[in-house]
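Visitor: I'd like to ask you about the structure that follows.
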Amino acid sequence: MIIAAKSVNIIYYYEINLDIFTIITYSTAMIVKYDLHKMILFHRKQAKLSRNELAELAGTGKTVIYDLEKGKQTVKWSTIISILDALNIDIKFQSPLMEEYEKSISQNS
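For what it's worth, the numbering used here labels the leading residue of the sequence shown as 1, then goes sequentially.
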């Protein structure tokens with residue numbers, strides 16, 4: 001049984017087979033935005049890269065790195081992907097329908 005409480009961004013999930021009650025939080029766009037800039041800054045510093053070095057690796061400008069690390073909301077998706085790729089950060093999409101989606105993609109190819 002899955003019960004979503006949209007206003008607080010929490011999914012309460014009761015797994016009958018395991019007989020446990022788990023609270024799983026999920027991210028909205030706003031939460032991801034805030035975590036993303038912290039994650040990029042952390043990974044850049046751990047890699048001991050300057051903003052200029054990361055910008056060169058990602059094929060972007062140093063201003064974009066600065067803006068993104070400061071939480072700017074209007075950064076192109078392709079630019080974010082390039083920066084994440086340069087930092088070896090993968091994105092994983094999750095949803096209750098993802099398995100069904102993947103099956104439909106494999107059937108159509």
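Positions of the beta carbon are idealized from the N, C-alpha and C atoms, including for glycine.
Look at the Cβ atom of residue 75, then the Cβ atom of residue 84, and state whether they are nearer than 8 Å.
Guide: No; because the gap between Cβ atoms is not below 8 Å, this pair is not in contact.
Visitor: Can you tell me the Cα-Cα spacing of residue 72 and residue 53, whole angstroms?
Guide: Approximately 20 Å between the Cα atoms of the pair.
Visitor: Less than 8 Å separating the beta-carbons of residue 81 and residue 39?
Guide: It is not a contact, given that the beta carbons lie outside the stated cut-off.
Visitor: Exposed or buried, residue 47, counting other C-beta atoms within 10 Å across all chains shown (16 or more means buried)?
Guide: Residue 47 is exposed by the Cβ-count criterion.
Visitor: Distance check for residue 100 and residue 49, CA to CA, integer angstroms please.
Guide: Approximately 40 Å between the Cα atoms of the pair.
Visitor: From residue 56 to residue 65, what distance separates their C-alpha atoms?
Guide: Whole-angstrom Cα-Cα distance: 10 Å.
Visitor: Taking the beta carbon of residue 97 as the centre, do at least 16 other beta carbons fall within 10 Å, making it buried, or is it exposed?
Guide: Burial call: exposed.
Visitor: What did DSSP end up calling residue 22 once you bin it into helix, strand or coil?
Guide: Only weak support exists for where residue 22 lies, its pLDDT of 37 falling under 50; the coordinates are left without a value.
Visitor: Secondary structure at residue 89, three-state DSSP: helix, strand or coil?
Guide: Three-state DSSP puts residue 89 in coil, outside helix and strand.
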